[in-house]
Amino acid sequence: MRQRTIRTLKDGEFRRLTGVKRPTFELMLKVLRKAEREKRAQGGRPNSVSLADRLLMALTYWREYRTYFHIAQSYRIEESVCYRNIRWIEDALIKSGAFRLPGKKALLTSDVGYEVVLVDATETPVERPKKSKPAATPARKSGTR
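Note that our numbering has the sequence shown beginning at 8, numbered continuously upward.
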């Protein structure tokens, strides 16, 4: 599904499809536009897929776990181009630092109280009858030699 077709979706449907809210999508686009300007300053061939579609391609990959082949077929591009686009999106978003989750130390120093529920998942032995010597010895068959 292309970016121009999802503009008409309601906010809830947009989030169900992409996994992010519209303002987050727009913020991602803003970060990616800046990264693309920096990349294009060095020169190179322009991408055949729009930036919004490339972002949607990456969100589809993360959300639905579709293969690069299937995503490439949807956008009518080569599989290797799809891979390079998604990797570039990932690297640019990570490099920006705007979408990074707080680390463990930040969680430990925060004032938010967490409720922890522990589930006992230890192994328990399977109950089987004990082997005894008389039960394990087969009876002799009489009349057979």
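Glycine included, each C-beta is placed from N, C-alpha and C at the ideal position.
This structure is a prediction, so every number in the text was calculated from the model and none was measured.
Counting along the chain, Gln80 sits inside the alpha helix (DSSP H) bounded by residues Tyr75 to Tyr82. Going by DSSP, Pro30 is part of the alpha helix (DSSP H) stretching over Arg29 to Arg47.
Contact between Leu58 and Arg40 holds: CB atoms are separated by about 6 Å, below the 8 Å threshold. For Arg29, the CB contacts under 7 Å within the same chain, skipping 5 residues up- and downstream, are Asp18 and Phe21 in chain order.
Counting C-beta pairs with one atom in each stretch, the stretch 54-71 and the stretch 86-98 have three or more that are closer than 8 Å, which means they touch. Distance check between Val27 and each of Arg70, Ser55 and Gln10 places Arg70 closest, using alpha-carbon atoms only. DSSP, read as helix, strand or coil, puts Ala99 in helix. Distance between Arg52 and Arg83, taken at the CA atoms: about 18 Å. By the criterion of a C-beta distance shorter than 6 Å, Ala42 is surrounded in its chain by Ala99, once the five residues flanking it on both sides are discounted. Secondary structure of Gly51 (DSSP, three-state): coil.
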